[in-house]
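The working numbering applies: residue 472 is where the first sequence begins, and numbers increase by one.
Beta carbons are placed, not taken as given, at the ideal position from N, Cα and C, and that holds for glycine.
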Amino acid sequence: MPEIRTRFAPSPTGYLHIGGARTALFNYLYARHCGGKFVLRIEDTDRKRSTPEAIDAILRSMEWLQLEWDEGPFYQTERMEVYKEQLRALLSAGDAYPCVCTSETLDAKRKAALEAKRKPMYDGTCRPVERATVPLPEGVPFTVRFRSTESGSTVVDDKVKGRVEFDNTELDDLILARSNGSPTYNFCVVCDDIDMGITYIIRGDDHLSNTPRQMQLYQTLGSEPPVFAHVPLILGTDKKRLSKRHGATSVMAYRDMGYYPEALNNYLVRLGWSHGDQEIFDSRELVEKFDIDAVGKSSAVFNPEKLLWLNAHYLKDRPLSRLAEDVLPYLAAKGYPTSDDHPWLEKMVETLRERAKSLVELVEMAHYFLAETVEVDEKAGRKHLVPEAKNLLQELSVRLGNLADFNGAGIEQVFGDIVAERGIKLGKVAQPVRVALTGSTVSPGIYEVIDVLGRDLTLERLAAGVRYIDAHLPTPS
RNA sequence: GGUCCCAUCGUCUAGCGGUUAGGACGCUGGCCUCUCACGCCAGAAACACGGGUUCGAGUCCCGUUGGGAUCACCA
């Protein structure tokens, strides 16, 4: 059994999007699963649309997702000689021929065909009747076309779609080289996949219709075609192919929104693939369990909610010290001074992790731990920072001030005493304190909040709470 | 329009001729509780339609409908 070699071959015309990431993931996982190799190739033959920024973004996205490639990145623009060489061979064998039709006349014909509700196809104007070597035209621009088989059919034995048969009359003569001499996609991929020994091509099913032509190219280039696996596209809620108007689609955007690569991978792999009822897969398990056989045939709608849920799972699962590290860049992005008090950071992050579904959300929640002062939410203040609470806050302030060991247990003890002495419910004191300390009625457990805040800040904010009460006395009616 | 692909809860899916059609996200209710969240329990929610084949069809075949992809000197 020959080694399995897969590849991911994006064209650098933009950032790496969710769909591309899943294709890359599948290729990566399948190669690893089989103990094979995963190669990365950048398809940059379209110089007008390819940018170095896009290449950089794609590479960084792949790294962030931990989709490690074994070979490459190879750049098609650096392999022009290879294509030229093959092209010459094809031309001299009569398997390709020059075409002097201009893009204007081609466009016109295509438009006319579409209007007449016919399938637009190249009409073979320049195609020699017999397979023969044609001298290259001089003084006029020309493209080079592949002389495809005109009869019979081409069968794609697809690993996910099954047997798909194409009538060869449906296939027109595709352009291998543009009039400026540069080779086109369908030609380059085949040359490259042959050269790089790719045995297994996993790609979006929008490529399925290209496949028969590519198979013919393999044949005339004297190579055995690889195995094809065309995976269904990812759709937006409107069942249309996922695009920017459906929201964030770039991998980097998810990183910036505070998602974990593990979460994104886990989500993406389950879009079209399943392993019984299992939802959560760590990276080792993915390699072990992923298989093309279990990839479904129908397209899947992208569901951000489920991705968020997975992210929350990985957030909760993260070792605390790692989580504290993870949060640092997001803290910086928010403009908070990056504290080097790691134990404190861990403590803070621990109180928030169960409540946040992303790192960004966590950092947003942390505002009352990080900001100098706290702004009391009006509604919360009106409800809880009332005259009856004033004495409670003051009493608590005194006792916390006198507390010998300022820690969770000690704090809890103080609250317990007050509640017992006054015969009131914990909520009666916890809520006003919560509002005074965080500005809102929603926060982690009040003992934890106090512990994280520390004695000084706590007392300061309790005093501010008292002032708030004084300043907002109900107007006597 | 031609060609090709697809069709189980709103969404992701399990199912591979005999199941009370299972799980997950989301949603609803409850429990827990200092608020929120987590967690736990419960609930509503699906085989697109019509023909066959078969003792028996979500599962196999055909058709209809609906969705999608593709038909570039883009990849």
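DSSP state of residue i mapped onto helix, strand, coil
i: D663; result: helix
i: Y593; result: coil
i: H746; result: coil
i: A567; result: strand
i: H618; result: Residue 618 is actually Arg in this sequence, not His. Three-state DSSP puts R618 in coil, outside helix and strand.
i: E514; result: coil
i: K896; result: coil
i: V553; result: helix
i: E508; result: Residue identity differs from the one stated: residue 508 is Lys in this sequence, not Glu. Correct three-state label for K508: strand.
i: D629; result: strand
i: A837; result: coil
i: A700; result: strand
i: I921; result: helix
i: D797; result: helix
i: Y730; result: coil
i: A603; result: coil
i: V913; result: coil
i: S574; result: helix
Own chain, CB closer than 7 Å to residue i, minus 5 neighbours either side, in chain order
i: C572; result: T596, C597
i: T625; result: F637, N639, P683, M686, Q687
i: V553; result: C662, D666
i: V834; result: V798, Y801, L802, K805
i: Y939; result: V847, G852, L856
i: G743; result: V702, P703, V766, G767, A771
Cut-off 8 Å between Cβ atoms - residues of its own chain near residue i, not counting five sequence neighbours on either side
i: L739; result: I489, A492, R493, L496
i: G881; result: L874, A875
i: H943; result: G852, R853, L856
CB-CB length for residue i against residue j, believed under 8 Å
i: T670; j: I475; result: 6 Å
i: K632; j: K768; result: 6 Å
i: K828; j: L779; result: 5 Å
i: M819; j: A837; result: 6 Å
i: P616; j: D566; result: A small correction: the amino acid at residue 616 is Arg; Pro does not occupy that position in the sequence shown. About 10 Å separates the two Cβ atoms, so there is no contact after all.
Inter-residue spacing [alpha-carbon to alpha-carbon] between residue i and residue j
i: N878; j: I917; result: 12 Å
i: T604; j: T614; result: 15 Å
i: L791; j: D727; result: 21 Å
i: I673; j: L500; result: 11 Å
i: A587; j: Y593; result: 15 Å
i: Y486; j: A525; result: 5 Å
i: A935; j: A907; result: 7 Å
i: C505; j: S745; result: 18 Å
i: P654; j: D517; result: 9 Å
i: L841; j: Y807; result: 7 Å
i: V904; j: G852; result: 11 Å
i: D762; j: A502; result: 10 Å
i: L577; j: L562; result: 22 Å
i: E825; j: S868; result: 28 Å
i: I889; j: P858; result: 17 Å
i: S914; j: R712; result: 40 Å
i: Y656; j: D643; result: 16 Å
i: E892; j: D753; result: 51 Å
i: V600; j: D527; result: 47 Å
i: N774; j: T484; result: 25 Å
i: R894; j: L871; result: According to the sequence provided, residue 894 is Gly. The question's Arg does not apply to it. For G894 and L871, the distance between alpha carbons rounds to 19 Å.
i: Q902; j: D677; result: 57 Å
i: A860; j: V900; result: 7 Å
i: M968; j: L830; result: Residue 968 cannot be examined here, being either before or after the span of the chain that is shown, 472 to 948.
i: A700; j: K630; result: 5 Å
i: K760; j: V635; result: 27 Å
i: L645; j: I751; result: 44 Å
i: E776; j: S574; result: 46 Å
i: K896; j: P732; result: 44 Å
Neighbourhood of residue i by C-beta distance below 6 Å, restricted to the same chain and skipping five residues each side
i: A734; result: L781, N782, Y785
i: P612; result: S650
i: R581; result: P591
i: P945; result: none
Within 8 Å, strictly: CB atoms of residue i and residue j
i: S770; j: L706; result: yes
i: G729; j: E832; result: yes
i: A648; j: L530; result: no
i: C659; j: Q749; result: no
i: V847; j: G910; result: yes
i: P569; j: P608; result: yes
i: T691; j: V772; result: no
i: R478; j: N498; result: yes
i: D541; j: K519; result: no
i: E919; j: T809; result: no
i: V758; j: W535; result: no
i: L864; j: L930; result: no
Heavy atom of the ligand FMN within 7 Å of residue i beta-carbon
i: Y689; result: Questions concerning the ligand FMN fall outside what the structure shown contains, since it holds no ligand whatsoever.
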